[in-house]
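2 protein chains.
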Amino acid sequence: MKTGTFTVPTDLLTRIKAAQNILCISHVNADGDAYGSVLGMVWMLRSLGKRATAAMPDPVLPDFGFLPGAGEIVGPDDTADDYDLIICLDMSSADRMGAVYDEPRFGAIPLVVIDHHITNTNFGVANWVEPRCAATAQMLVVLSGPLGIEVDTRLAQCLLTGIVTDTLCFRTSNTTPEVLEAAMCMQRAGADLSDIVRQTLNRMPFSTLHLWSRVLADAHLDQGVTWVTVSQAQLRQAGHEGDDSRLNSILSSINEADMSAIFTEKLGANGSPAVECSFRAKPGFNVGELAFQLGGGGHAPASGCTIAGTLDDVVGSVVPMLVAERRRQLAHTGATPQH
Amino acid sequence: MKTGTFTVPTDLLTRIKAAQNILCISHVNADGDAYGSVLGMVWMLRSLGKRATAAMPDPVLPDFGFLPGAGEIVGPDDTADDYDLIICLDMSSADRMGAVYDEPRFGAIPLVVIDHHITNTNFGVANWVEPRCAATAQMLVVLSGPLGIEVDTRLAQCLLTGIVTDTLCFRTSNTTPEVLEAAMCMQRAGADLSDIVRQTLNRMPFSTLHLWSRVLADAHLDQGVTWVTVSQAQLRQAGHEGDDSRLNSILSSINEADMSAIFTEKLGANGSPAVECSFRAKPGFNVGELAFQLGGGGHAPASGCTIAGTLDDVVGSVVPMLVAERRRQLAHTGATPQH
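The listed protein sequences correspond, in order, to chains A and B. Take the first sequence: its letters are residues 1 to 339, numbered as in this note's numbering. Take the second sequence: its letters are residues 1001 to 1339, numbered as in this note's numbering.
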């Protein structure tokens, strides 16, 4: 578990060692790294003989019910008020805590941050932000060293899940040798990589196939940009929310395109139409800036935003922006077409 | 590069160390591990000051042109006859050498085998067969140790490509900690994992999207078996051979199915219709035996065969066999539905 590349801040270590009753929380719209790191932290603290509770703002997604401890995660209404430390995991800013952070009860409890997002606002009294890690769970593999923790199977399964989901099983460009080393250590500690892949990445309902059939029938390609639209009618017919992450990975592998987009029709709260845009860029290209200009966020290879308007309106205005952005990047940044 | 789990046979090491002019060959219908291991072996031998030539029975696939040394691979007509050793890489039996093995010229030259297939026939004068390795390229990472080779970027890129392609980027069930360790060592030696993923797994022509749209429109699900058919007309419309490996990985992730199949219409040499069947099974299920009974081969999670007949005929006879096979395995082998 020695990964000398990273250093855990002393003040964070001191606070964790001193605390006895700790609340571990993660972010709204939780993903595999949120679940993996919050549960992993709980197992680490318990192995040190401390009391630890995992809490999340939203109900636990059934897909992550396989994680050891998932059944113990509590919601905003079931937290106590006698914690002596709050650890925020995988959260780039305080607003990502959602309803699970109850200011009146928690305001006086020290709060520390462990996160790998470069955009982290350092909102804790101690903050360990390590953007060179591909997942917050990877940071916890590192943390197990100075905390003197012998990683057991439960902990390993949680941490490897965070690493596998955030890197799409080692396919993202931030998959460094240190990521593979952390994953290897978790396998050796008992985590089942094959099971994690099956439970998280390799899962989708049969109806997705017919949804994709309809969506891909209208796949477009124009000047190095490929895109599809997903309507509410198509989603209703499928009976679920689709699988954007997998569809994104398909679109972003098209040889003839350097940028890709999925436009998904949303029903706004007030009934007015809106479109969720999900962008991907190949290495050397950047879709982060455009998403930011459009009121969203993300980073160079993957970003997103939500725009008011109908599918036709939004596609009609955003696709030319993507085409122009790609052309600008080809001309000014030395990016080269990937096909 | 110390992976103490595996032992290189002494007679193989002795023969490699003694030889000075070596022909490295791999199999017909070459895949990423064939290219990666044959080129990796050449770079290893050259770094020891030996002469080494890579030869393959078929022309080099353009997709693997990015591998260092791919441009130097020769075909059956361009081999010499003064080699003092032939190394067969990733080949389970002698017939897999195809036309690149010229018996009259090569019959007297000692031939050794390095391969990870459990079905290997040990057809060399020295044979290193290690089924616990997920790729022959992984075995070469091990071999670099006793040969005292300092792995450089070219060699690392070749070997990591073999590992990534044979494990679908660490998603197959034989991805052990030793696989991740070998991959990590290759990254540290200069291999670019992200580039390899982009060049091998994350590539497909835009026209595949419209092909998939038509194919997935007729996706079926019956009693835990899901399948699609691909007709010659659909392939002609797409203008290429499709991407079975990616389509297989989509079908095998369907929650409601434990077995999946792709039936692809082929035109037999004599004009009579035939169907290529590609099967996948979830953990605990086995499609290897059925493929073997049908005249094909493979192993428990992935197998295939080619059957004479029209698409309708073959689907009509094979799907009930898959359904019956799944039911039998549920009843007799303790396999449990994965959904």
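For each residue, glycine too, the CB sits at the ideal point set by N, CA and C.
Residue i: contacting residues in chain B (beta-carbon distance under 7 Å)
i	result
A:Asp183	Note on identity: in this sequence residue 183 of chain A is Ala, with Asp being the wrong assignment. The answer, in chain order, is Leu1180.
A:Phe279	Here the premise fails: no neighbours, minimum Cβ distance about 16 Å.
Buried versus exposed, by CB contacts within 10 Å (16 or more), residue i
i	result
B:Ala1257	buried
A:His116	buried
A:Leu267	exposed
B:Met1321	exposed
B:Ser1092	buried
A:Thr138	The amino acid at residue 138 of chain A is misidentified as Thr; the sequence shows Gln. So A:Gln138 counts as buried.
B:Ser1278	buried
B:Glu1178	buried
B:Arg1054	It is worth fixing the name first, because residue 1054 of chain B is Ala in this sequence and not Arg. Buried is the call here.
A:Pro301	buried
A:Arg326	buried
B:Gln1020	exposed
B:Arg1154	buried
B:Glu1072	exposed
B:Thr1119	exposed
A:Asn248	buried
A:Arg328	exposed
A:Asp90	buried
B:Gln1293	exposed
B:Val1105	Correcting the residue type first, residue 1105 of chain B is Arg in the shown sequence and not Val. B:Arg1105 comes out exposed.
Amino acids of chain A, ordered along the chain, whose beta-carbon sits closer than 8 Å to that of residue i
i	result
B:Glu1256	Pro205 and Phe206
Min CB distance residue i to chain A below 9 Å
i	result
B:Phe1066	no
B:Lys1282	yes
B:Ala1055	no
B:Ser1194	yes
B:Asn1202	yes
B:Ser1253	yes
B:Ser1173	yes
B:Thr1176	yes
B:Val974	One cannot answer for residue 974 of chain B here, as it falls past the ends of chain B, which runs 1001 to 1339.
B:Cys1169	yes
B:Thr1005	no
Any chain B beta carbon closer than 9 Å to residue i
i	result
A:Asn248	no
A:Gln187	yes
A:Thr310	no
A:Met1	Low local confidence applies: a pLDDT of 39 at A:Met1 is under 50, so the model's placement there is unreliable, with the coordinate-based value given in what follows. Not one chain B Cβ lies under 9 Å of A:Met1.
A:Leu221	yes
A:Gly288	no
Under 9 Å from the C-beta of residue i: neighbouring residues of chain B
i	result
A:Ala217	Leu1209, His1210, Ser1213, Arg1214 and Ala1217
A:Leu111	Within 9 Å Cβ-Cβ: nothing; A:Leu111 doesn't reach chain B, min ~35 Å.
Contacts of residue i in chain A (Cβ-Cβ under 7 Å)
i	result
B:Cys1024	None at all; the shortest Cβ gap to chain A is about 27 Å.
9 Å Cβ cutoff, residue i in contact with chain E
i	result
A:Thr226	The structure shown contains no chain E; its protein chains are A and B.
* **Contact the segment 23 to 36 of chain A vs the segment 49 to 66 of chain A: 3+ CB pairs below 8 Å** => yes
* Should the segment 1038 to 1046 of chain B be called in touch with the segment 1015 to 1027 of chain B, which here means at least 3 C-beta pairs below 8 Å? -> yes
* If you scan the segment 150 to 176 of chain A from start to end, which runs of the alpha helix (DSSP H) of 4 or more residues do you find wholly inside it? -> 153 to 166
* Asked: If we count Cβ pairs, one from each stretch, closer than 8 Å, do we get three or more for the segment 161 to 180 of chain A versus the segment 131 to 141 of chain A?
  -> yes
* Asked: Is it a yes or a no for the segment 294 to 310 of chain A touching the segment 196 to 210 of chain A, going by three-plus beta-carbon pairs under 8 Å?
  -> no
* Asked: Unbroken beta strand (DSSP E) runs of length 3 or more, entirely within the segment 1207 to 1259 of chain B: which are they?
  -> 1220 to 1222 and 1225 to 1230
* Asked: Using 8 Å as the Cβ pair cut-off and three pairs as the minimum, do the segment 281 to 292 of chain A and the segment 225 to 241 of chain A touch?
  -> no
* Output the residue ranges of the beta strand (DSSP E) runs that lie fully inside the segment 1081 to 1108 of chain B and measure 3 residues or longer, sorted by chain position. => 1085 to 1089
* To do: Ignoring anything shorter than 4 residues or poking outside the segment 1117 to 1155 of chain B, list the alpha helix (DSSP H) runs there in chain order.
  => 1136 to 1143
* Asked: Using 8 Å as the threshold, is the segment 1143 to 1152 of chain B in touch with the segment 1163 to 1171 of chain B, meaning 3 or more CB pairs across them?
  -> no
* Asked: When the Cβ atoms of the segment 243 to 261 of chain A are set against those of the segment 212 to 225 of chain A, are three or more pairs found closer than 8 Å?
  -> yes
* Touching or not, the segment 179 to 193 of chain A and the segment 140 to 147 of chain A, by the rule of three or more beta carbon pairs under 8 Å? -> yes
* Asked: If you scan the segment 11 to 76 of chain A from start to end, which runs of the beta strand (DSSP E) of 3 or more residues do you find wholly inside it?
  -> 21 to 25 and 51 to 55
* Asked: Unbroken alpha helix (DSSP H) runs of length 4 or more, entirely within the segment 269 to 311 of chain A: which are they?
  -> 288 to 293
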